[in-house]
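Peer 1: Protein chains in written order, with our numbering: chain A, 69 to 347; chain B, 91 to 316.
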Amino acid sequence: MTITPSIKREYLSKLASQGKRADNRKFGDYRPIKIEIGYIPKAEGSARVKIGNTQVVAGVKMDLGDPYPDTPDSGVMTTAAEMIPMASPDFESGPPREDAIELARVVDRGIRESEIIEVEKLCIVPGEKIWMIFIDIHIIDYDGNLFDAASLASLAALMTANVPIQRIKPMLEKLQERYPEIGNYLKEHPDNYTLPLREPPISCTSAKFGNVIVMDPSLDEEEIAEARLTVATDEKGDIRAMQKGLNGSFTVDEIKKVIKASIDNGKKIREELYKIVGK
Amino acid sequence: MTQEKREIVIPSQFLGDTQQSKAGRGTFVEQGKIYSEILGILNKKSDFINVVPIKGRYDPIEGDFVIGVVEEAMASSWLVDINAPYPALLHVSEVPWDVEFGETDRYLNHGDSVMAKVATVDIERKVNITLKDRNLYKINGGLIITVEPSKVPRIIGKKGSMITLLKKYTRCRIFVGQNGRIWIDGDDDNVAKVLHTIKKIESESLSFGLTNRIENLLKNETQDVQ
Chain A
69 MTITPSIKRE
79 YLSKLASQGK
89 RADNRKFGDY
99 RPIKIEIGYI
109 PKAEGSARVK
119 IGNTQVVAGV
129 KMDLGDPYPD
139 TPDSGVMTTA
149 AEMIPMASPD
159 FESGPPREDA
169 IELARVVDRG
179 IRESEIIEVE
189 KLCIVPGEKI
199 WMIFIDIHII
209 DYDGNLFDAA
219 SLASLAALMT
229 ANVPIQRIKP
239 MLEKLQERYP
249 EIGNYLKEHP
259 DNYTLPLREP
269 PISCTSAKFG
279 NVIVMDPSLD
289 EEEIAEARLT
299 VATDEKGDIR
309 AMQKGLNGSF
319 TVDEIKKVIK
329 ASIDNGKKIR
339 EELYKIVGK
Chain B
91 MTQEKREIVI
101 PSQFLGDTQQ
111 SKAGRGTFVE
121 QGKIYSEILG
131 ILNKKSDFIN
141 VVPIKGRYDP
151 IEGDFVIGVV
161 EEAMASSWLV
171 DINAPYPALL
181 HVSEVPWDVE
191 FGETDRYLNH
201 GDSVMAKVAT
211 VDIERKVNIT
221 LKDRNLYKIN
231 GGLIITVEPS
241 KVPRIIGKKG
251 SMITLLKKYT
261 RCRIFVGQNG
271 RIWIDGDDDN
281 VAKVLHTIKK
291 IESESLSFGL
301 TNRIENLLKN
311 ETQDVQ
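1. Excluding the 5 residues preceding and the 5 following A/V193 in the sequence, name in chain order all residues of the same chain whose CB lies nearer than 6 Å to its CB.
2. Specify the secondary structure class of A/Y98 as computed by DSSP and reduced to three states.
3. Under 7 Å, Cβ to Cβ, is there at least one residue of chain A near B/I234?
4. What are the residues that DSSP puts in a beta bridge with B/P143?
5. Assign A/P73 to one of two classes, buried (16 or more other C-beta atoms within 10 Å of its C-beta) or exposed (fewer than that).
6. Taking 7 Å as the CB-CB cut-off, is A/S74 touching chain B?
7. For A/Y79, decide whether its Cβ has a neighbour in chain B, counting only Cβ atoms nearer than 7 Å.
8. Quick one, which of A/R296, A/G305, A/E303, A/I331 has its alpha-carbon nearest A/N315's?
9. Quick one, which residues of the region 178-201 of chain B are near chain A if we go by CB-CB under 8 Å, in chain order?
10. Any beta carbon of chain B sitting closer than 7 Å to that of A/S161?
11. Can you pull out the residues from the region 263-287 of chain B whose beta carbon lies closer than 8 Å to at least one beta carbon of chain A?
12. Applying the criterion that 16 or more other CB atoms from any shown protein chain within 10 Å of the CB defines a buried residue, is B/R215 buried or exposed?
13. Which residue from A/F277, A/A225, A/A90 puts its Cα closest to that of A/A111?
14. Pick out whichever of A/S274, A/H257, A/R89, A/Y210 has its Cα sitting closest to the Cα of A/E150.
15. I'd like to know if A/I71 contacts chain B, where contact means its C-beta is closer than 7 Å to some C-beta of that chain.
16. If we define contact as Cβ-Cβ less than 7 Å, is B/E120 a contact residue for chain A?
17. Quick one: Cα of B/W168 to Cα of B/L221, how far?
18. I'd like to confirm the pairing. Which residues does DSSP put opposite A/D116 in its beta bridges?
19. Using DSSP with H/G/I as helix, E/B as strand and the rest coil, what is A/G178?
20. For the alpha helix (DSSP H) that B/S203 lies in, which residues bound it at each end?
21. Is the CB of B/V159 under 7 Å away from at least one CB in chain A?
22. Can you tell me which of the three DSSP states B/G299 falls into?
23. Taking the beta strand (DSSP E) that B/S167 falls in, what are its first and last residues?
24. Out of curiosity, what's the CA-to-CA distance linking A/S317 and B/I229?
25. Could you name the residues of the same chain whose beta carbon sits closer than 8 Å to that of B/K241, not counting the 5 residues immediately before and after it, in chain order?
26. May I ask you to list the residues that DSSP assigns as paired with B/D107?
27. On the criterion of 16 or more Cβ atoms from any shown chain inside 10 Å, does B/D154 qualify as buried, or is it exposed?
28. Measuring CA to CA, which of A/E196, A/H206, A/I198 is closest to A/I373?
29. Could you please give the first and the last residue of the uninterrupted alpha helix (DSSP H) stretch that includes A/K335?
30. Give a yes or no on whether the minimum CB-CB distance between B/S203 and chain A is below 7 Å.
31. What are the partner residues of A/E150, as DSSP defines its beta bridges?
32. Roughly how many whole angstroms lie between the Cα atoms of B/S251 and A/M154?
33. On the three-state DSSP scale, how would you describe A/Y253?
34. With a CB to CB cut of under 6 Å and the five nearest residues on each side skipped, what residues in its chain are close to B/L308?
35. Run down chain A in chain order and give the residues with a C-beta less than 8 Å from the C-beta of B/I146.
36. Between the region 315-334 of chain A and the region 271-291 of chain A, are three or more C-beta pairs nearer than 8 Å?
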């Protein structure tokens with residue numbers, strides 16, 4: 069664990085009290101965002117996202133699977149995050165720790181609760197065979213605000229994903245003997261097709277330290293933050309998911325402010341995302 | 091600079107014979123031949139062949155001035171992070187204060203920063219640091235940034251030329267620790283200027299004539315302000 073020198077805290081708080089940030093951003097501003105799609109050719113969909121120096125790669129993989137008994141006719145999505153030691157001296161190899169699990173869950177919740185994936189269209193044989201979507205997130209470089217980078221990368225990967233009919237066809241044809249419904253499915257979808265999606269939610273993270281709230285906290289700001297709030301909003305400005313982290317607290321007014329700022333920034337990021345994925 | 095250009099060597103690259111030259115830092119000897127141990131820049135000084143690492147942690151050497159952050163206050167000593175592979179020990183007998191047993195945390199506590207000197211490095215690389223030298227104290231105020239330890243000589247410059255420049259044009263108080271930590275104190279605009287100049291020095295550390303270019307840059311900026 070690297071320790072934060074207390075004078076760093078004093079310095080950032082002093083700047084904040086004058087309305088400044090260490091990298092000359094305004095409190096509500098994001099660092100430059102860069103999205104690259106199709107980063108991993110072998111994945112069904114993939115993207116690399118950079119927010120400032122933070123760098124995240126996400127990949128989407130699809131496979132046939134069995135549905136859960138309570139949702140026999142919908143597809144399944146799982147999210148996993150990997151924090152490799154290369155990204156930061158604080159990350160260690162081994163099984164995922166609390167922070168990696170939280171990251172995966174926050175990204176998962178944003179995507180799941182916004183119902184961006186049309187799970188009911190991912191059913192092949194009700195109760196028997198469905199599509200499973202795996203979203204894998206790899207942190208390449210950590211400079212604060214992993215939540216937004218990871219969820220943006222996952223979204224971009226999902227939006228560029230193709231359902232791999234060609235690859236899985238031999239398996240489906242074999243299964244067709246047991247489940248004749250597959251014949252209809254193959255007739256409907258003879259070739260790879262884009263993953264059916266609804267409009268994406270955009271996650272925006274704010275951190276609070278001293279008496280100020282900053283959007284898109286950098287590593288230094290994250291280290292001294294008392295509280296953190298991630299808000300995922302959709303196109304209509306509805307809140308789709310929220311996650312509060314760390315020990316500090318927000319007042320009701322502060323939360324309202326954060327939500328408004330998240331909607332505003334979400335709009336800008338969404339435009340950027342649409343432009344890159346070509347929608 | 092007498093050397094034409096700076097040569098980058100890779101681990102296990104052949105550098106010379108032990109009969110003609112001596113193996114210095116960052117090298118190893120096998121069957122009378124000197125090889126590079128790390129990815130770095132070749133540096134031949136008198137008889138010695140050294141390799142200066144491009145990146146890496148700080149390797150403590152006795153007598154270095156460093157900036158440390160206190161990790162833990164123990165009964166009669168402190169553990170101080172000096173950006174080296176292992177924390178350094180600061181014993182109560184090595185500080186200028188009269189510390190009672192068990193009251194170490196009243197003087198230095200977790201998160202406090204100190205300017206210190208590396209007192210001893212033993213064969214197991216256990217490091218002891220001391221505050222008993224001139225100009226060593228607990229840091230209050232200002233800002234600490236971290237750069238690559240191998241870039242520190244470039245930030246200080248030849249006989250301190252670069253650091254004198256920085257101090258002259260920005261009127262900041264600057265202390266450069268050999269471990270890659272730099273303490274800066276001054277008014278905010280000037281601190282920002284120092285930060286961005288140091289970033290420039292770091293990114294262009296391999297080029298020649300850097301000091302002159304940085305001087306021009308600082309000169310122009312000061313004119314802009316006026």
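Quick reminder that beta carbons are idealized off the backbone N, C-alpha and C, glycines included.
Peer 2: In this structure, then:
1. Y247, E249
2. A/Y98: coil per DSSP, three-state reduction.
3. yes
4. Looking at the DSSP assignment, B/P143 forms a beta bridge with B/G130.
5. Label assigned to A/P73: buried.
6. Yes, its Cβ sits closer than 7 Å to a Cβ of chain B.
7. yes
8. A/R296
9. Within the region 178-201 of chain B, the qualifying residues are H200, G201.
10. no
11. D278, A282
12. exposed
13. Nearest in C-alpha terms to A/A111, of all of A/F277, A/A225, A/A90, is A/A225.
14. A/Y210
15. yes
16. no
17. 12 Å
18. Sequence check: residue 116 of chain A is Arg here, not Asp. Residue pairing of A/R116 in beta bridges, as defined by DSSP: A/E104, A/V125.
19. helix
20. That residue, B/S203, is in no alpha helix (DSSP H); its beta strand (DSSP E) goes 203-211.
21. yes
22. coil
23. 167-171
24. 30 Å
25. The beta carbon of B/K241 lies closer than 8 Å to those of G270, I291, E292, S295 in the same chain, with the five residues before and after it left out.
26. Partner(s): B/K123.
27. With a threshold of 16 other beta carbon atoms within 10 Å, B/D154 meets it and is buried.
28. Since the displayed chain A opens at 69 and closes at 347, residue 373 of chain A lies outside it and no answer follows.
29. 320-345
30. yes
31. A/H206
32. Looking at the backbone, the Cα of B/S251 and that of A/M154 are separated by about 35 Å.
33. helix
34. Y259
35. It should be pointed out that residue 146 of chain B corresponds to Gly in this sequence rather than to Ile. Correct list: empty, because the minimum Cβ distance to chain A is about 12 Å.
36. yes
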